[in-house]
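Below: one structure, written as C-alpha cells.
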Amino acid sequence: MELQGEKDMDRDHAKVFVSYSWDNPDHQSWIRYFTNELRKKGINANCDQFILQRQTKNLNQMMIEGIRDNDFVIYVLTENYKTKSDQFQGGVGFEQLLSLSTLRNNPDKFILIKKSAASFEDVLPFHLEDYSVFDFSNEDKFDENIIKLVYRIYGIDYYEVAPLGPVPDLVAKTEKSSEQVQTSNWLSAIEASIPIKITDLDKNNFIRSAFTEIIEKLKELLDYVKQRDPAVNYTIDQSLRQVVVKLYQNGEYRSGTKIWVGEFFGSRTESIFISNDVSSISNNSYNEQIVCKVSKENQLILEMNFGAFYSQDADLLTPEKIALQIWDRQLKN
Numbered sequence: 001m002e003l004q005g006e007k008d009m010d011r012d013h014a015k016v017f018v019s020y021s022w023d024n025p026d027h028q029s030w031i032r033y034f035t036n037e038l039r040k041k042g043i044n045a046n047c048d049q050f051i052l053q054r055q056t057k058n059l060n061q062m063m064i065e066g067i068r069d070n071d072f073v074i075y076v077l078t079e080n081y082k083t084k085s086d087q088f089q090g091g092v093g094f095e096q097l098l099s100l101s102t103l104r105n106n107p108d109k110f111i112l113i114k115k116s117a118a119s120f121e122d123v124l125p126f127h128l129e130d131y132s133v134f135d136f137s138n139e140d141k142f143d144e145n146i147i148k149l150v151y152r153i154y155g156i157d158y159y160e161v162a163p164l165g166p167v168p169d170l171v172a173k174t175e176k177s178s179e180q181v182q183t184s185n186w187l188s189a190i191e192a193s194i195p196i197k198i199t200d201l202d203k204n205n206f207i208r209s210a211f212t213e214i215i216e217k218l219k220e221l222l223d224y225v226k227q228r229d230p231a232v233n234y235t236i237d238q239s240l241r242q243v244v245v246k247l248y249q250n251g252e253y254r255s256g257t258k259i260w261v262g263e264f265f266g267s268r269t270e271s272i273f274i275s276n277d278v279s280s281i282s283n284n285s286y287n288e289q290i291v292c293k294v295s296k297e298n299q300l301i302l303e304m305n306f307g308a309f310y311s312q313d314a315d316l317l318t319p320e321k322i323a324l325q326i327w328d329r330q331l332k333n
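Quick note: the sequence shown, position 109, residue 109 per full-length UniProt numbering, numbers continuous.
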C-alpha cells in the first residue's frame, strides 16, 4: 500500500490510513485534499484513491492492510458512513467488521473526525457512539483542526500540561457557629481601622535587610562601572554590620565610603550610617543617617535624616536609590 518513494521514507513518520464512504465527487475531492494536507505536515497518510490509481488491488486486501499495517486509521464520519457502517454495507461495513477486535484492544489506533454539518448522532455509527470526535465540519477552522490532529497523531500535547505539584498538607476546617459568624461579620467592619502594631524589633529587622540590599546593589553598580572602564577597580572590607568600600583608578586610591548599622545616641532602634571617612576606626562621624519610619499607611519605609549631602527624592526611598546616591555623591567624584 506504499506510494512511490515511501519505502525509503524516514521510519519515524507516522503511517495513517483514511477510511471514508464514497458519498459524492465533492466528498471524494475533500478526502484527497485532507490526506495531502496530512502528508505535507509529515504524516505518511494514504487513502484508497491514491492506492488504486497506481496499481490493481484486491479491495478486501487493501482494507485489511489499511487497518493492520498503519499506526492510525482515520474514520471520516458522514450520514452515509453511519448508514453503511450500521448495516455492514460495502467497503465501510467490511472495515467495521475488521476493526472491531482492534478497536476493543487498542482504541487509540482509531481517530474519528466529523466532516458533515449534521449532528453527532446522525454521523456516529452505533458501536462508535461513546468515542471522542474531531469536528471538521467548519471549513473556516480546517487549518486549526489539522494542526491539532497532527499533534494527536504524534502523541504531543496541544495544550501545555503543568508538572504535578506536591501533595498539599491539608487539615479539616472547623465549622463556626452561626453566632460566631455573626460576631465575626460585625467586627470585620472595624478591623481595617485597627492598625497592626509595629515594634522596635520590626524596625531593626527592616533596617538590617535594607543594609544588606544596599550593599548588594552597590556591588552590582561597581561591577558595572568596572566592566565599562577597566582602569577602575575596588575593594570591599565587609563584616556583619559594617562595610568599607575603596575605589581605585589605575591602581591609585580615588575615593571611599563606610556604611554601617548602629544605634544613634538615646535611640531604641538602629539606623544606617554613611561616611566618607574610611580611615577612622571610630563611627562617631558620618555624613548621612538613614532611619526607619512608619508611613501613614502603617508601612515601614526608609528616610534620610539630613538630606543635605544626599538628594531626597519625593518618591519612596529604596536600596537602589541609596546605592546610586552613594556612587554619585561619594565614590564618583
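Ideal placement from N, C-alpha and C gives every residue a C-beta, glycine not left out.
Note that the structure is predicted; figures quoted are calculated from it, not measured.
Query                                                                                                                                                                  : Result
Quick check: what's the CA-CA separation for Ser-295 versus Asn-287?                                                                                                   : 24 Å
Would you report the Cα separation of Ile-111 and Glu-139, rounded to the nearest angstrom?                                                                            : 19 Å
If you compare alpha carbons, which of Gln-61, Val-261, Leu-324 and Leu-302 is closest to Lys-274?                                                                     : Correcting the residue identity first, residue 274 is Ile in this sequence and not Lys. The residue with the shortest Cα to Cα distance from Ile-274 is Val-261.
With a threshold of 6 Å on Cβ separation, who are the neighbours of Lys-217 within its own chain once the five nearest residues in sequence on each side are excluded? : Pro-319, Glu-320 and Ala-323
Please classify Gln-55 as buried or exposed, where buried requires at least 16 other C-beta atoms within 10 Å of its C-beta.                                           : exposed
Determine the DSSP secondary structure at Glu-252, reduced to helix, strand or coil.                                                                                   : strand
Quick check on this structure: which residue in Tyr-131, Gln-96, Ile-214 and Ile-74 has the alpha carbon closest to the alpha carbon of Phe-302?                       : Position check: residue 302 holds Leu in this sequence, whereas Phe was assumed. The option with the nearest alpha carbon to Leu-302 is Ile-214.
Does the count of Cβ pairs from the segment 220 to 234 and the segment 248 to 258 closer than 8 Å reach three?                                                         : yes
Between Leu-124 and Leu-59, is the Cβ-Cβ spacing less than 8 Å?                                                                                                        : no
Nearest to Phe-279 by alpha carbon, out of Phe-265, Glu-263, Lys-258 and Phe-264?                                                                                      : A small fix is needed here, since residue 279 is Ser in this sequence, not Phe. That would be Lys-258, whose Cα lies nearest to the Cα of Ser-279.
For Gln-238, report the span of its beta strand (DSSP E) as first-last.                                                                                                : 232 to 238
What is the DSSP secondary structure of Gln-242, counted as helix, strand or coil?                                                                                     : strand
List the whole-angstrom C-beta distance separating Lys-41 from Val-150, where the pair is believed to meet the contact cut-off of C-beta under 8 Å.                    : 5 Å
Give the secondary structure of Val-76 by DSSP, where H, G and I count as helix, E and B as strand, and everything else as coil.                                       : strand
Can you give me the C-alpha to C-alpha distance between Leu-300 and Ala-210, rounded to a whole angstrom?                                                              : 11 Å
Report the rounded CA-to-CA distance for Tyr-20 versus Tyr-75, giving the unit in angstroms.                                                                           : 6 Å
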